[in-house]
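Each residue of the sequence shown is one higher than the last, beginning at 1 in the UniProt record's numbering. Even for Gly, the Cβ is constructed at its ideal location relative to N, Cα and C.
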Amino acid sequence: MLLTKGLMLSEENVTNLEYIQKQIAIIISLLAFVLLLLLGISDIFLGMSPVIVWVKIGLSFPFIIAYFLVSKYGRVQLALNILLVLAHVVICFNFLYNDGNDGPTIYAFFLMLVISSLLIQGWLKGVWFIGSISMFFILFYGEAQGYIEVVHYYDGPENQFIDHTISIMWISMFVFTVLHFFIKSYQNQSQLLNKIKQRQEQSLEEVKMLNDQKNKLIALLSHDLKNPIGMLHTTLGLVDKDAFEPGELEQILRNLKGQSFHLNKVLNNTLSWVMTELEDTPIQLHQISLRELTLEMKEMMLVQAIEKNQTIEVSIEGDDRDISLEINEIKIILKNLLDNAIKFSSMNSTINLDLNINKKQLSWSVCNQGATISPADQKELFVFRARTSYGTKKEKGTGVGLPLCKRVADKIEFELCYSSTRKDHNCFTLTKKLA
1 MLLTKGLMLS EENVTNLEYI QKQIAIIISL LAFVLLLLLG ISDIFLGMSP
51 VIVWVKIGLS FPFIIAYFLV SKYGRVQLAL NILLVLAHVV ICFNFLYNDG
101 NDGPTIYAFF LMLVISSLLI QGWLKGVWFI GSISMFFILF YGEAQGYIEV
151 VHYYDGPENQ FIDHTISIMW ISMFVFTVLH FFIKSYQNQS QLLNKIKQRQ
201 EQSLEEVKML NDQKNKLIAL LSHDLKNPIG MLHTTLGLVD KDAFEPGELE
251 QILRNLKGQS FHLNKVLNNT LSWVMTELED TPIQLHQISL RELTLEMKEM
301 MLVQAIEKNQ TIEVSIEGDD RDISLEINEI KIILKNLLDN AIKFSSMNST
351 INLDLNINKK QLSWSVCNQG ATISPADQKE LFVFRARTSY GTKKEKGTGV
401 GLPLCKRVAD KIEFELCYSS TRKDHNCFTL TKKLA
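Okay, structure coming up:
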């Protein structure tokens, strides 16, 4: 239970190296206590010196004390350095009283190198590495030269084999457990970092999508207001220069009043759509007469058509119906289609706004005379990208109106498509299937 508790890692700490080292220090303290206790007991059965038996058993208790102290108070590095000192004391006694070069002391040196390399921080890591290696060579060289006298207890190869086997088994389990925990912690760290990376990439993608959406909505707002405001500016400029004959000014002012009224409606419709997109709120439906909606669109664009001596003819097939529709969005689309028809039609031409109503569907068609769109351009007609175009009176277009109309139409589940039934004739149709 204690070991399982020590192995547990929370997500918030899995990337903290100090936390991982603390957990490993806790595990090593517990395992060292068990290891020294078991090795001391096994030495009793093997007939080893009582000195080494009691050194191992006695020094096992500081390790279990360290386990509880590190768990509760921390101070990992201080505890580890003290435990390493005690471990080296045990190694010295084990060398002197457990057959020296013939005993299992070499395994303990290897264990100390693993522990110090994994857990000790800073310059003390190098100190412990050099110190352990130096102690190993001093002890082994001292025995080989006769400077150190060791106690031999092995009765024969079989007894030596049993002692080495027990030592290798317990130390191997010790190293395996520590390294397993360290690798598991590294894997958890990698998995968590990958999750963080994925969340960051997802957030960046969402930010990019919102930024693209914002740009499209700004483009829609600018596109819808560009022509009406430009026309209003031109008309006011002519009034300022007294370019009108007596009696014409009154008519111009009446036109400006109507134009400002429709401009305000265009602005409200577009802003309503923009706010709906930005706030991600449901689109509002309004009850309206299809005939009234169609005639309103004609009135909205009439001033702009009159500037080019154009006529907007309305044709309605089928019985009028009061129906709940996405009025703001439909007005945005029809306004842009009529605006394009006026822009790309010649002077004194006729623009057709047709409404077809039946039980299964309703559709609006905006048709005008003018150069037809080539098959190559038709493929990218609704692709959102800026491209400059000019109308029959050099009216500048940005190329974003139709893609934005397509986006709005898709959002409200309308179909927007282009067709050319004959030469020099363009039609855009907005269709809705009725339940």
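Check                                                                                                             : Outcome
Opposing strand residues paired with Lys-432 [DSSP bridges]                                                       : Leu-362
Asp-319 classed as buried or exposed, judged by whether at least 16 other C-beta atoms fall within 10 angstroms   : exposed
Proximity of Thr-294 and Ile-316 at Cβ, strictly below 9 Å                                                        : yes
Cutoff 6 Å; reference His-286; Cβ partners in own chain excluding five residues on either side                    : Ile-327
Cβ-Cβ separation, Phe-176 to Ile-24 (assumed contact under 8 Å), whole Å                                          : That pair is no contact at about 13 Å.
Classification of Asn-98 by the beta-carbon crowding that lies within 10 angstroms, buried from 16 upward         : buried
DSSP state of Ser-203 mapped onto helix, strand, coil                                                             : helix
Cα-Cα separation between Phe-414 and Asn-348, rounded to whole angstroms                                          : 32 Å
Outcome for Glu-201 when other beta-carbon atoms lying within 10 angstroms are tallied against a minimum of 16    : exposed
Rounded straight-line distance, which links the Cα of Leu-39 to that of Leu-7                                     : For Leu-7, the predicted structure reports a pLDDT of 38, less than 50, and the residue's modelled location is therefore unreliable. A value from the coordinates is still provided. Rounded to whole angstroms, Leu-7 to Leu-39 spans 24 Å at the Cα level.
DSSP state of Cys-427 mapped onto helix, strand, coil                                                             : strand
Test item: CB-CB of Ile-323 and Leu-362 under 9 Å                                                                 : yes
Range of the contiguous alpha helix (DSSP H) that encloses Tyr-141                                                : 124-145
Span separating the alpha-carbon of Val-76 from that of Lys-22                                                    : 6 Å
Chain B contact for Asn-426 (CB, 9 Å cutoff)                                                                      : In the structure shown, chain B does not exist; there is a single protein chain.
Residue 436, buried or exposed, once every other Cβ within 10 Å from all chains shown has been counted against 16 : Because residue 436 is not part of the residues shown, which for the chain are 1 to 435, the question remains open.
Residues near Ser-49 by beta carbon distance below 7 Å, same chain, minus five either side                        : Tyr-97, Val-151, Tyr-153
Ordered list of alpha helix (DSSP H) runs contained in the region 319-350, each at least 4 residues               : 327-343
Length at least 4, wholly inside the region 25-112: the alpha helix (DSSP H) runs in chain order                  : 50-73, 76-97
Glu-296, enclosing alpha helix (DSSP H) - first and last residue                                                  : 290-306
Status (buried if at least 16 other CB within 10 Å, exposed otherwise) for Phe-68                                 : exposed
Per DSSP, the bridge partner or partners of Leu-416                                                               : Leu-430
Start and end residues, alpha helix (DSSP H) containing Val-151                                                   : Here Val-151 belongs to no alpha helix (DSSP H), and DSSP marks it neither H nor E.
At least three beta-carbon pairs within less than 8 Å, the region 116-130 to the region 157-164                   : no
Per DSSP, cross-strand counterpart(s) of Glu-313                                                                  : Asn-352
Boundaries of the alpha helix (DSSP H) in which Val-408 is found, first to last residue                           : 401-411
Leu-78 classed as buried or exposed, judged by whether at least 16 other C-beta atoms fall within 10 angstroms    : exposed
CB contact flag (residue 452, Trp-128, <9 Å)                                                                      : Given that the chain is displayed from residue 1 to residue 435, the structure contains no residue 452 and the question cannot be resolved.
Candidates Gly-58, Ile-115, Ile-133, of which the one nearest Asn-81 by Cα                                        : Ile-115
Own chain residues within Cβ distance below 7 Å of Val-314, not counting five before or after                     : Thr-294, Leu-295, Lys-298, Leu-353
Counted within 10 angstroms of its Cβ, other Cβ atoms place Pro-104 as buried (16 or more) or exposed             : buried
Within 9 Å, strictly: CB atoms of Asn-336 and Gly-370                                                             : no
Same chain, Cβ closer than 8 Å to Thr-421, neighbours up to 5 away in sequence not counted                        : Cys-427
Nearest residue (CA-CA) to Thr-165, options Asp-102, Thr-431, Arg-321                                             : Asp-102
Buried versus exposed, by CB contacts within 10 Å (16 or more), Asp-43                                            : buried
Three-state secondary structure assigned by DSSP to Ile-171                                                       : helix
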